[in-house]
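Residue numbers (the working numbering): 678 to 871.
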């Protein structure tokens, strides 16, 4: 954690390797999440309601309370931990505070909407299928963006640039009267640290 807080992570190749490998695992989760979703349903209202409410024509039972509770129990913990870790990296990339806030709020919100949407379809009203679809799409997009931003921060983003942008401008030093310093060394160096 010290490497991330101090900005040394942009220079520490082993830490960068850990982040890249973690992001590869997250990309695998992102892909399997989409594959599992589309194995069960599509982005249509009818398929989502059929999955949660069942279908007499296809002899599908509605999702049971206990079954949904078991899935939610695991998903809430796993997604919370994943998003905590992944969004935590956003704190240390050279982006504006508003962009960072968006990269943190949107994934957490979309994960909750994705998980809660199924419950609302099953136990409140089928119209919440649209919420479930929107939550899933927003979660997949926000995870993809977090993956790309984390990789960008490792390979392109510079923590040094982040610090430089936030550093107050240096005050110029008064000229020295030493004989070895020529007047040309002071020209055009306002704000440059020595």
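Just so it is clear, CB atoms sit at the ideal spot from N, CA and C, and this is done for glycine as well.
**OP:** Express the C-alpha separation of residue 823 and residue 690 in angstroms, rounding to a whole number.
**Re:** 20 Å
Subject >> Cutoff 8 Å; reference residue 819; Cβ partners in own chain excluding five residues on either side >> reply: 780, 783, 784, 787
Original post:
Which residue from 749, 737, 709, 770 puts its Cα closest to that of residue 827?
Top reply: 770
Original post:
What's the C-alpha gap between residue 758 and residue 738?
Top reply: 32 Å
Original post:
Which residue or residues does DSSP assign as beta-bridge partners of residue 623?
Top reply: Within the shown structure, residues of the chain are numbered from 678 to 871, placing residue 623 beyond reach of any answer.
Original post:
How would you call residue 742, buried or exposed, if buried means at least 16 neighbouring beta carbons within 10 angstroms?
Top reply: exposed
Original post:
From what residue to what residue does the alpha helix (DSSP H) around residue 831 run?
Top reply: 806 to 832
Subject >> residue 710, enclosing alpha helix (DSSP H) - first and last residue >> reply: 690 to 717
**OP:** Taking residue 700 as the reference, give the member of 800, 763, 807 with the closest Cα.
**Re:** 763
Original post:
Do the CB positions of residue 809 and residue 725 come within less than 7 Å of each other?
Top reply: yes
Original post:
CA-CA distance, residue 714 and residue 774?
Top reply: 33 Å
Original post:
Apart from the five residues just before and just after residue 727, which ones in its own chain have a Cβ nearer than 7 Å to its Cβ?
Top reply: 737
Subject >> Through-space distance from residue 803 to residue 730, alpha-carbon basis >> reply: 8 Å
**OP:** Take residue 829 and list the residues in its own chain whose beta-carbon comes closer than 8 Å to its own, dropping the five residues that flank it on each side.
**Re:** 770
Original post:
Between 766, 825, 695, 792, which lies nearest to residue 811 when the distance is taken from Cα to Cα?
Top reply: 792
Original post:
Would DSSP call residue 721 helix, strand or coil?
Top reply: coil
Original post:
Using CA coordinates, which residue listed in 790, 795, 766, 755 is at the minimum distance from residue 815?
Top reply: 790
Original post:
To which residues of the same chain is residue 756 closer than 6 Å at the C-beta, ignoring the five residues directly before and after it?
Top reply: 788
**OP:** Return the chain-ordered list of same chain residues with a C-beta closer than 6 Å to the C-beta of residue 797, the five sequence neighbours on each side being excluded.
**Re:** 805
Subject >> Collapsed DSSP secondary structure at residue 803 in the structure displayed >> reply: helix
**OP:** Taking the CB atoms as reference points, tell me whether residue 799 and residue 735 lie closer together than 7 Å.
**Re:** no
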